[in-house]
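Some notes on the structure that comes next.
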Amino acid sequence: MTDVSTSFGYRVLARDGAARRGRIATPHGPIETPAFVAVATQGAIKSVLPRAVRNAGSQVLFANTYHLYLRPGAEIVAAHGGLHRFMGWDGPILTDSGGFQVFSLGAGIEHGVGKVASIFPGEGVAPAGARGRSGLVQVDEEGVWFVSHVDGSRHRFTPERSIRTQRRLGADMVLAFDECTSPLHDQAYTAASAERTHRWAERSLRAFHDEAPVHPYRQALYGVVQGGAFEAERIASARTVGAMTVDGRGFDGMAIGGNLGDTRETMHRVLAWTTPYLPDDLPRHLLGIGDVPSLFEAAERGVDTFDCVAPTRNARNGGVLARFDDDGRPFPTFRRNLKNARYANDLRPIDRSCTCEACAGGFSRAYLRHLLKANEQVGQQLATVHNLRFMAAVMREIRTAIEIGRLQEAKEAWLGP
RNA sequence: GUGGGUGUAGCUCAGGGGUUAGAGCACCGGAUUGUGGUUCCGGGGGCCGUGGGUUCAAUUCCCAUCACCCACC
55 MTDVSTSFGY RVLARDGAAR RGRIATPHGP IETPAFVAVA TQGAIKSVLP
105 RAVRNAGSQV LFANTYHLYL RPGAEIVAAH GGLHRFMGWD GPILTDSGGF
155 QVFSLGAGIE HGVGKVASIF PGEGVAPAGA RGRSGLVQVD EEGVWFVSHV
205 DGSRHRFTPE RSIRTQRRLG ADMVLAFDEC TSPLHDQAYT AASAERTHRW
255 AERSLRAFHD EAPVHPYRQA LYGVVQGGAF EAERIASART VGAMTVDGRG
305 FDGMAIGGNL GDTRETMHRV LAWTTPYLPD DLPRHLLGIG DVPSLFEAAE
355 RGVDTFDCVA PTRNARNGGV LARFDDDGRP FPTFRRNLKN ARYANDLRPI
405 DRSCTCEACA GGFSRAYLRH LLKANEQVGQ QLATVHNLRF MAAVMREIRT
455 AIEIGRLQEA KEAWLGP
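Using the numbering used here, the letters of the first sequence correspond one by one to residues 55 to 471.
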C-alpha cells in the first residue's frame, strides 16, 4: 500500500466553527479526520490481528519508539522494511518519540507525594516528589538517561537519537523528542521544561532533515506543544513550535502533549488556549486522550487526531463502550463493565445495534464475561474489537456532523446540553 | 497397626492466653488517558475441625476425638 508518490499533506474539507473535517495524506493511505488513533505500543494492538483492527474501522495506529527501540531494536524493524511490514499493518502509523516514557517511567505522577519545590534551573534530576517508580530517569540539556525496564541496562535518548530511531522504524508520522511534565511540576519548572522542549524540537527538526531517510517514502515530523496547565506557557509553546523552522523548513503537524490538568474541564481549557495559536494548515494530534466527551470537546476546538490506550486497555479489563443502557438511557461514562455479576446470565450481545465481530457474531454478554473472567484471550480480542468499532463509529459521526455544520447538535445528543 | 505432621476466609497460609483474628489470591463494586500483558481504591465474607479440661479469660495451653497428609511395619 506504500505509495511513494504520495507526499504527506493535510487538507481541510469542511469546517464547523473551529472544528475541521480533514484528510491527512500519507504514504500508507489517507486518514479521514477527526480520527481516533488506536495504540499499538509494541507493534501490535494487544490481542488483535491487523486485519481485525482494520475491520473494526481503525484507520491509523500509534506505536512507541521507546518500546521498539528496547525490544526488538530499530534495526530489526528496519530490516523488515519498517514497522508496516514488520507488524503487518499497511495503513498509516504514528510513533511516539520516547519522551513520554521519560515521564511515565521516571518522572511520572505519584499522587499524594506532597508539594514539589522548583529545582529549576538546577539541571539533572526531576523534583524528588515527581519521581515515579524508581527514579530511573535523568534529564539534562542534551537529553535523558534512562534505565531499561526490560533488562535494567542504561540508555541515552536525545532528540537526534530519537529521530534516528524513528527514521528506522519508518512510521508515516513521527514526533519530536520532548519532555513531558506532570501536575506535580510547578509553573517555573514547567515553563523552563517547555523551553527546553522547544530547543529539542529545533534539534529534532534539524536531525530529521539532515538525516537521510531509511525507507523509500516521505515521513512527516510533528512538533510537540508543552506548557502544562498554564495558559501563558501553552500559548508560548503553541506559538513557538508552530512557527519553528530550520533552514526554512517547519513541522508537518502539531501534537499537543504533556500535563493537561487534573480534570476534563481543565483539559478543555488547555485546548482552548492552545489550538488558536497553532498553524491552521497543519494537522493537530492530541496525545493520550480518548474518552467520549473529550472527542467532541477536542474536535470542537480543532483537533484532528487523538490516541488513547483506554479503549483497548479497558476492553481487556472488561470495560466495553456503549452509548445507552438497556433502557435506552445514556451511560455517563459510556462504558459497561462486562465482568459485573449482573451479566452472568445475560444472553444479549453487548450492543444490539453494533456491527462488530463480537456483537454481530452472536456472542453473548454472559459468554464474554466468562471469557474475560477466565482470562481467555478471545474475550480480550472480542472486547477490543468492539471498542475499536465503537470509537470508529463515534468519529465517523463527528466527521459527518462537521460536514453538515451540526457538531454542536451531535455533541449535545451525545453528552447532553 | 505404629510414629510424626497439619486442621484459622472459597483457596494458599500468617498469627497469637486478654477490646471488633490478619495477608495474598478469588469473589463483589469503583477508578484508571502519548500501555512495563496494567495499576490503584473500596467492599462482603471466619462457631479459628469437634467434644471436654485448665484459667478471671481459650481460637491460642492440655486431653480426647474426627479428618487429611507423610513415614514405617
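Yeah, the Cβ is synthetic: ideal placement off N, Cα and C, and Gly gets one too.
Item: Is the beta carbon of Leu472 sitting closer than 9 Å to the one on Cys410?; Value: Outside the shown range of the chain (55 to 471) lies residue 472, about which nothing can therefore be said.
Item: Secondary structure at Thr359, three-state DSSP: helix, strand or coil?; Value: strand
Item: Quick one: residues in its chain with C-beta nearer than 7 Å to the C-beta of Pro347, no 5 flanking neighbours on either side, listed in chain order?; Value: Arg318 and Leu469
Item: Since Phe211 and Gly152 are thought to touch, with beta carbons under 8 Å apart, how far apart are those beta carbons, to the nearest angstrom?; Value: 5 Å
Item: Less than 9 Å between the C-beta atoms of Ala230 and Ala255, yes or no?; Value: yes
Item: Work out the CA separation of Asn399 and Arg77 for me, nearest whole Å.; Value: 44 Å
Item: Out of Asp335, Thr387 and Gly145, point me to the one whose CA is closest to Gly344's CA.; Value: Thr387
Item: Considering Cα atoms alone, identify which of Met227, Leu124 and Arg323 is closest to Val278.; Value: Met227
Item: Run through DSSP, which three-state label would Arg65 get?; Value: strand
Item: Can you tell me whether DSSP reads Gln435 as helix, strand or coil?; Value: helix
Item: If Arg390 and Ala376 are in contact, beta carbons under 8 Å, what's the gap, nearest whole angstrom?; Value: 5 Å
Item: Evaluate the contact criterion for the stretch 66-74 versus the stretch 441-459: three or more CB pairs, one atom per stretch, below 8 Å.; Value: yes
Item: Find the nearest neighbour of Gln241 within the set Val102, Gly315, Glu463 and Phe378, judged by alpha-carbon distance.; Value: Gly315
Item: Count the other C-beta atoms from every protein chain shown that fall within 10 angstroms of the C-beta of Glu354, then say buried if there are 16 or more, exposed otherwise.; Value: buried
Item: Can you grab the Cα-Cα spacing for the pair Ala437 / Gly459, in whole Å?; Value: 33 Å
Item: Cα separation between Pro146 and Leu392?; Value: 32 Å
Item: Return the CA-CA distance between Phe385 and Phe444, expressed in angstroms with no decimal places.; Value: 14 Å
Item: So within the stretch 266-354, which uninterrupted alpha helix (DSSP H) runs reach at least 4 residues, ignoring any that extend past its ends?; Value: 285-297, 318-328 and 346-354
Item: Please state whether DSSP places His209 in a helix, a strand or coil.; Value: strand
Item: Exposed or buried, what is Leu425 when buried is set at 16 or more other beta-carbons lying within 10 Å of its beta-carbon?; Value: buried
Item: Report the CB separation of Ala248 from Gly281 in whole angstroms; it is logged as a contact under 8 Å.; Value: 5 Å
Item: Can you tell me whether Leu401 is buried or exposed, with buried defined as 16 or more other CB within 10 angstroms of its CB?; Value: exposed
Item: His138: buried (16+ other C-beta within 10 angstroms of its C-beta) or exposed?; Value: buried
Item: Would Phe140 and Val448 be called neighbours here (beta carbons separated by less than 9 Å)?; Value: no
Item: From this set, Asp379, Pro471 and Pro267, which residue's C-alpha is nearest Ala132's C-alpha?; Value: Pro267
Item: Quick one: Cα of Phe154 to Cα of Arg423, how far?; Value: 33 Å
Item: Could you check if Gln113 is buried or exposed, using at least 16 other CB atoms within 10 Å of its CB as the buried criterion?; Value: buried
Item: Between the C-alpha atoms of Thr149 and Asp358, what's the straight-line distance to the nearest angstrom?; Value: 16 Å
Item: In three-state DSSP terms, what is Asp70?; Value: strand
Item: Just how far apart, CA to CA, sit Ala261 and Glu351?; Value: 34 Å
Item: Suppose you measure from the CA of Val193 to the CA of Phe200; what does that come to, to the nearest Å?; Value: 9 Å
Item: Taking Cβ positions, are Thr219 and Ala128 nearer each other than 9 Å?; Value: yes
Item: To which residues of the same chain is Gly342 closer than 7 Å at the C-beta, ignoring the five residues directly before and after it?; Value: Asp361 and Cys362
Item: Using only alpha-carbon positions, find the residue among Glu430, His440, Gln434 and Arg108 that is nearest to Gly49.; Value: What is shown of the chain runs 55 to 471, which leaves residue 49 out entirely.
Item: If you check the beta carbons only, do Ile310 and Leu275 fall under 9 Å apart?; Value: no
Item: Per DSSP, what kind of secondary structure is Val102 in: helix, strand or coil?; Value: coil
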